[in-house]
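Colleague: Sharing a structure below in structure tokens format, with a few things to ask.
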Amino acid sequence: MRPAESADHPALFMIVRRGEILVEARPEGFAVPTAMVDIPHGTHHILGSTAEGTWVYGVDVAERTDEPDDHLWVPLRQLYGKIDETLWVVAGRAEQIISWDRTHQYCGRCGAATVAQTTERSRKCPSCALLAYPRLSPAVITLVTRGEGQDEEALLAWGRQFPGRFYSTLAGFVEPGENLEQCVAREIMEEVGVTVSDITYFGSQPWPFPNSLMLGFTARYVGGELVLQEEEIVEAGWFRADALPPCPRGGMSIAGALIESWLRRMGQ
Ligand SMILES: [Zn+2]
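If you use our numbering, the sequence shown corresponds to residues 62 to 329, in order.
See the structure below:
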């Protein structure tokens, strides 16, 4: 079904300028525009509709496009918590689809200009028929625990890419030909040198920085001393629930949800 084009049909416009979303700055906070604002823009992408039947469009805007009065460009990550969480996820969807569309204007095999398909979200090469779909990179993220009762400890690591001393659960991208459990075991072995068992699915989350789907797991420690992969990990250790280092607690990441869930189970 195509959205109604009439001006009175409820709609939301996720206007994207390379990783940034245009929002109206109102006294009560940020709002996503409900009509297209008066700025130069490129393709409109239909992203779907909300549960209330509001159509959502993603609109591609060139870099260095100025914001209209009373509007701001806000980086997607900084927008978290400033608009409704459901809308924030849709903003991430808009950013990823627009970025994919921009970077797949030419065929990756023969270099011919591609054409957007109308029946599905893909771009097709008219010369060699190669199809390009929006890319997702699945990644696993795992909370490893050891010990029993109040002596139970969680394995957390300070990643080299973190801006300061900050610990989190271990994560890594899935490789071609690997299942998720193999990926969890491999990443933990590579990054900290220990073996795990009881790999259990926890939950998933779209992670638009830039194109991930994060798949959360819990696992139990089996054996091995901590041996760090120094290019990725500054420090790693086993921490009790009552003595955690700086780490995500709740918030927008699945790492925060994994740690929060463990703390609840530990009565913290
Ligand atoms: Zn081609």
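Note that beta-carbon positions come from the ideal geometry of N, C-alpha and C, so glycine has one too.
Fair warning: this is a prediction, and the values are worked out from it, not measured in the lab.
Phe91 and Leu133: beta carbons closer than 9 angstroms?
Modeller: yes
Colleague: Give me every residue whose Cβ sits closer than 6 angstroms to any heavy atom of ligand 1, in chain order.
Modeller: Cys168, Arg170, Cys171, Ala173, Cys186, Ser188, Cys189 and Leu191
Colleague: Do Trp219 and Ala123 count as a contact pair if the criterion is CB distance below 9 angstroms?
Modeller: It is not a contact, given that the beta carbons lie outside the stated cut-off.
Colleague: So what's Val257 in DSSP terms, helix, strand or just coil?
Modeller: strand
Colleague: If you draw a straight line from the alpha carbon of Glu81 to that of Trp149, how long is it in whole angstroms?
Modeller: 12 angstroms
Colleague: How would you label Met75, buried or exposed, when you count the other beta carbons within 10 angstroms and need 16 or more for buried?
Modeller: buried
Colleague: Can you tell me which of the three DSSP states Glu251 falls into?
Modeller: helix
Colleague: Which residues in the same chain have their Cβ closer than 7 angstroms to the Cβ of Ser183, if we skip the five residues on either side of it in sequence?
Modeller: Leu192, Ala193 and Tyr194
Colleague: In the DSSP assignment, the beta strand (DSSP E) including Thr279 goes from what residue to what residue?
Modeller: That run of the beta strand (DSSP E) goes Ser273 to Gly284.
Colleague: Between the Cα of Phe278 and the Cα atoms of Asp303, Gly210, Asp99 and Ala316, which residue gives the shortest distance?
Modeller: Ala316
Colleague: So what's Thr147 in DSSP terms, helix, strand or just coil?
Modeller: helix
Colleague: Flag this pair as yes or no: are the beta carbons of Ala232 and Ser258 separated by less than 9 angstroms?
Modeller: No; because the gap between Cβ atoms is not below 9 angstroms, this pair is not in contact.
Colleague: Hey, could you find the ends of the beta strand (DSSP E) Glu85 is sitting in?
Modeller: Where Glu85 is concerned, the enclosing beta strand (DSSP E) stretches over Glu81 to Arg87.
Colleague: Let me confirm a value: Tyr262 is counted as buried when at least 16 other C-beta atoms fall within 10 Å, else exposed. Which label applies?
Modeller: exposed
Colleague: In the DSSP assignment, what residue or residues form a beta bridge with Asp121?
Modeller: BP columns for Asp121 point to Val77.
Colleague: Can you find the residues in the same chain that come closer than 7 angstroms, C-beta to C-beta, to Met327, ignoring five residues on each side of it along the sequence?
Modeller: Glu213 and Ala302
Colleague: Check whether the Cβ atoms of Trp323 and Ala215 lie closer than 9 angstroms to each other.
Modeller: At the C-beta level, Trp323 and Ala215 come within 9 angstroms of one another.
Colleague: Quick check: the Cα distance between Gly225 and Leu108, rounded to an integer number of angstroms?
Modeller: 36 angstroms
Colleague: I need the straight-line Cα distance from Cys308 to Glu252, nearest angstrom please.
Modeller: 18 angstroms
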